[in-house]
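Read top to bottom, the protein sequences are chains U and A. This note's numbering applies: residue 1 is where the first sequence begins, and numbers increase by one. This note's numbering applies: residue 180 is where the second sequence begins, and numbers increase by one. Note that the Cβ used here is the ideal one computed from N, Cα and C, for glycine as well. Since the model is a prediction, treat every value here as computed from it, not as a measurement.
Protein chains: 2
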Amino acid sequence: MSTRDRLVESTRELLRERGYTGTSPKAIQQRADAGQGSMYHHFAGKQDLALAAITRNAEELTAAAERELSSPGSPTERIAAWLRREREILRGCPMGVLAQDLEIIASDALRSPIAEHFDWIRGQLREILAEGDLDARLADTFLAVLQGGYVLARAAGNTEPFTDAVEGAIALLERATAV
Amino acid sequence: MSTRDRLVESTRELLRERGYTGTSPKAIQQRADAGQGSMYHHFAGKQDLALAAITRNAEELTAAAERELSSPGSPTERIAAWLRREREILRGCPMGVLAQDLEIIASDALRSPIAEHFDWIRGQLREILAEGDLDARLADTFLAVLQGGYVLARAAGNTEPFTDAVEGAIALLERATAV
DNA sequence: GTCTATACGTAGATAGAC
DNA sequence: GTCTATCTACGTATAGAC
Numbered sequence: 001m002s003t004r005d006r007l008v009e010s011t012r013e014l015l016r017e018r019g020y021t022g023t024s025p026k027a028i029q030q031r032a033d034a035g036q037g038s039m040y041h042h043f044a045g046k047q048d049l050a051l052a053a054i055t056r057n058a059e060e061l062t063a064a065a066e067r068e069l070s071s072p073g074s075p076t077e078r079i080a081a082w083l084r085r086e087r088e089i090l091r092g093c094p095m096g097v098l099a100q101d102l103e104i105i106a107s108d109a110l111r112s113p114i115a116e117h118f119d120w121i122r123g124q125l126r127e128i129l130a131e132g133d134l135d136a137r138l139a140d141t142f143l144a145v146l147q148g149g150y151v152l153a154r155a156a157g158n159t160e161p162f163t164d165a166v167e168g169a170i171a172l173l174e175r176a177t178a179v
Numbered sequence: 180m181s182t183r184d185r186l187v188e189s190t191r192e193l194l195r196e197r198g199y200t201g202t203s204p205k206a207i208q209q210r211a212d213a214g215q216g217s218m219y220h221h222f223a224g225k226q227d228l229a230l231a232a233i234t235r236n237a238e239e240l241t242a243a244a245e246r247e248l249s250s251p252g253s254p255t256e257r258i259a260a261w262l263r264r265e266r267e268i269l270r271g272c273p274m275g276v277l278a279q280d281l282e283i284i285a286s287d288a289l290r291s292p293i294a295e296h297f298d299w300i301r302g303q304l305r306e307i308l309a310e311g312d313l314d315a316r317l318a319d320t321f322l323a324v325l326q327g328g329y330v331l332a333r334a335a336g337n338t339e340p341f342t343d344a345v346e347g348a349i350a351l352l353e354r355a356t357a358v
């Protein structure tokens, strides 16, 4: 992996762990095993690095969501498959964590790629919900169950609240559609 | 308000806005219009201040939740009333924001009062759900809808995702219980 | 491309005077 | 109780040599 790539990967890890405010250029360099000059040669600064990391996150998360949401099955089954995907819960959501950081939300350059990613998933979910004649607002409900599940799990120090939140939501959807 | 109280209130505001990592002792002092020496006279340091702020948050949020959850009405109505309470969405959840901060979750002293607060609400919700013979896991589902709603709203820069998430969840619950 | 030097401000306190 | 001084480390770069 090139030095440039290592810098982006380090930034991704650190942003996920510690958020934007909690991540320093120095920490990025050390984790990437790159020098100061090297980092500033490849990137204009911390914000530029974060932008590259967010872009990479969006690519990966989009590809993953596409897999489950376009699998065969009923709307309920596809949404359930997406909700149940293996995730490293206690590490937090790579995008969701950033959406809670004031320095991110205060900067349009950093916030909008995150907003666009959520917009994209919301759109995919709405299409699926429409197939089943389901309430379009449920797209945000399920997105929120996921994001909130991360929050509750991190607060509790274990993944159970996440699992319960997701399974409760799926059970509710199944019951509502079984009418 | 005493200097001590002003320090706690400033800390509460700053923690909600910027998180624990993003809040400095200096910023707390300036917002409280208190000097350095004054702050360290009343509190041992940043962590001590945060602890006082979290305790105060828990008291207020507990009182508020108690109001809606113990109002008259069916389980669905009481949960809906709680979910629909007026909130300053774009300022973030005073507790939820902290649960995403690594410095908080890494410290048992800071994390556990937050965990206990969520535990308490979860318990209240489960009692209500039991009355209606509803799935106990829905306690975390609704808690997550709320927390995730905050995340989505902040990412989007507007409150619509929060409202949609909440209303979608309530509609789903009503439909499932109407069987 | 990478390294070292330099810089100015902030973070998070401690010490002691008043 | 509050103030000012002081301290060490870190944050976030820029400059210029190699």
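If you follow the alpha helix (DSSP H) that tyrosine 150 of chain U is in, where does it begin and where does it stop? Here the alpha helix (DSSP H) through tyrosine 150 of chain U covers 138-156.
Do leucine 193 of chain A and arginine 210 of chain A have their C-beta atoms within less than 8 Å of each other? For leucine 193 of chain A and arginine 210 of chain A, yes; Cβs fall inside 8 Å.
By Cβ distance below 7 Å, which residues in the same chain neighbour alanine 27 of chain U in space, the five residues on each side in sequence not counted? Result list for alanine 27 of chain U: Leu14, in chain order.
Three-pair Cβ contact test at 8 Å for the stretch 33-47 of chain U versus the stretch 81-90 of chain U: Put simply, the stretch 33-47 of chain U does not touch the stretch 81-90 of chain U. Fewer than three CB pairs are less than 8 Å apart.
Out of U:Leu110, U:Ala178, U:Thr3, U:Thr159, which one is the CA nearest neighbour of asparagine 57 of chain U? Out of U:Leu110, U:Ala178, U:Thr3, U:Thr159, U:Leu110 has the C-alpha closest to the C-alpha of asparagine 57 of chain U.
Under 8 Å between the Cβ atoms of arginine 305 of chain A and alanine 318 of chain A? For arginine 305 of chain A and alanine 318 of chain A, yes; Cβs fall inside 8 Å.
Given that aspartate 101 of chain U touches chain A, what residues does it touch there, using C-beta distances under 8 Å? Residues of chain A passing the Cβ test: Gly198, Gly201.
Which bits of chain U does aspartate 314 of chain A rub up against, with CB to CB less than 7 Å? Residues of chain U passing the Cβ test: Gly168, Ala171.
Contact the stretch 244-264 of chain A vs the stretch 196-203 of chain A: 3+ CB pairs below 8 Å: Short answer: they don't touch.
Determine the direct distance from the alpha carbon of glutamine 279 of chain A to that of glycine 271 of chain A, and round the result to whole angstroms. Distance between the alpha carbons of glycine 271 of chain A and glutamine 279 of chain A: 12 Å.
Would you report the Cα separation of arginine 301 of chain A and methionine 39 of chain U, rounded to the nearest angstrom? Rounded to whole angstroms, arginine 301 of chain A and methionine 39 of chain U show a C-alpha spacing of 46 Å.
Look up methionine 274 of chain A in the DSSP assignment and say whether it is helix, strand or coil. Correct three-state label for methionine 274 of chain A: coil.
If you measure from the beta carbon of leucine 194 of chain A to each beta carbon in chain U, is any gap under 8 Å? The Cβ of leucine 194 of chain A sits no closer than 8 Å to any Cβ of chain U.
Measuring only between beta-carbons, confirm whether valine 362 of chain A sits less than 8 Å from chain U. What the structure shows of chain A is the stretch from 180 to 358, and residue 362 of chain A is not part of that stretch, so it cannot be assessed.
Please confirm whether glycine 123 of chain U has its beta-carbon closer than 8 Å to some beta-carbon of chain A. Glycine 123 of chain U does not count as touching chain A.
Output yes if chain U places a C-beta closer than 8 Å to the C-beta of isoleucine 233 of chain A; else output no. Answer no: the Cβ-Cβ gap between isoleucine 233 of chain A and chain U never drops below 8 Å.
Take every Cβ of the stretch 248-256 of chain A, pair it with every Cβ of the stretch 226-236 of chain A, and state whether three or more of those distances are shorter than 8 Å. Because the criterion of three Cβ pairs below 8 Å is not met, the stretch 248-256 of chain A and the stretch 226-236 of chain A do not touch.
Within its chain, find whatever has a CB closer than 7 Å to the CB of phenylalanine 321 of chain A; leave out the 5 residues flanking it on each side and keep chain order. Excluding positions up to five away in sequence, the list reads Ile258, Leu262, Leu304, Ala348.
For my contact list, isoleucine 128 of chain U and leucine 69 of chain U are in at a C-beta cut-off of 8 Å; report their separation, rounded to the angstrom. Between leucine 69 of chain U and isoleucine 128 of chain U the Cβ distance is about 6 Å, and since that is below 8 Å, they are a contact.
For the alpha helix (DSSP H) that contains serine 250 of chain A, what are its first and last residues? No alpha helix (DSSP H) holds serine 250 of chain A; DSSP gives it neither H nor E.
Where serine 181 of chain A and glutamate 188 of chain A are concerned, what is the direct C-alpha to C-alpha distance, given to the nearest angstrom? When only Cα atoms are considered, serine 181 of chain A and glutamate 188 of chain A end up about 11 Å apart.
Taking C-beta pairs closer than 8 Å, name the residues in chain A that alanine 115 of chain U reaches, listed in chain order. What alanine 115 of chain U touches in chain A: Ala334, Ala335, Gly336.
How is glycine 168 of chain U classed by DSSP in three states: helix, strand or coil? Correct three-state label for glycine 168 of chain U: helix.
Proximal residues to histidine 221 of chain A (C-beta, below 8 Å), its chain only, five neighbours per side dropped: These residues qualify, in order along the chain: Thr182, Arg183, Leu186.
Apply the 10 Å Cβ neighbour rule to alanine 357 of chain A and answer buried if 16 or more other Cβ atoms are within range, or exposed otherwise. Its Cβ having fewer than 16 others within 10 Å, alanine 357 of chain A is exposed.
Nearest chain A C-beta to glutamine 147 of chain U closer than 8 Å, yes or no? The beta carbon of glutamine 147 of chain U falls within 8 Å of a beta carbon belonging to chain A, placing the residue at that interface.
Contact check, tyrosine 199 of chain A vs leucine 277 of chain A under 8 Å by CB: the rounded distance? 6 Å between Cβ atoms; contact.
Is there a Cβ from chain U that is less than 8 Å from the Cβ of threonine 182 of chain A? It does not: the Cβ of threonine 182 of chain A has no partner Cβ on chain U nearer than 8 Å.
What does the Cβ neighbour count give for glycine 148 of chain U, buried or exposed, with the cut at 16 atoms within 10 Å? Around the beta carbon of glycine 148 of chain U, a 10 Å sphere encloses 16 or more other beta carbons of the protein chains shown; the residue is thus reported as buried.
Three-state class that DSSP yields for glycine 22 of chain U in the structure shown: DSSP places glycine 22 of chain U in coil when its eight states are reduced to three.
If alanine 130 of chain U sits next to valine 145 of chain U, beta carbons under 8 Å apart, how far is it from one beta carbon to the other, in whole angstroms? The distance from the Cβ of alanine 130 of chain U to that of valine 145 of chain U is about 19 Å, inconsistent with a contact at the 8 Å cut-off.
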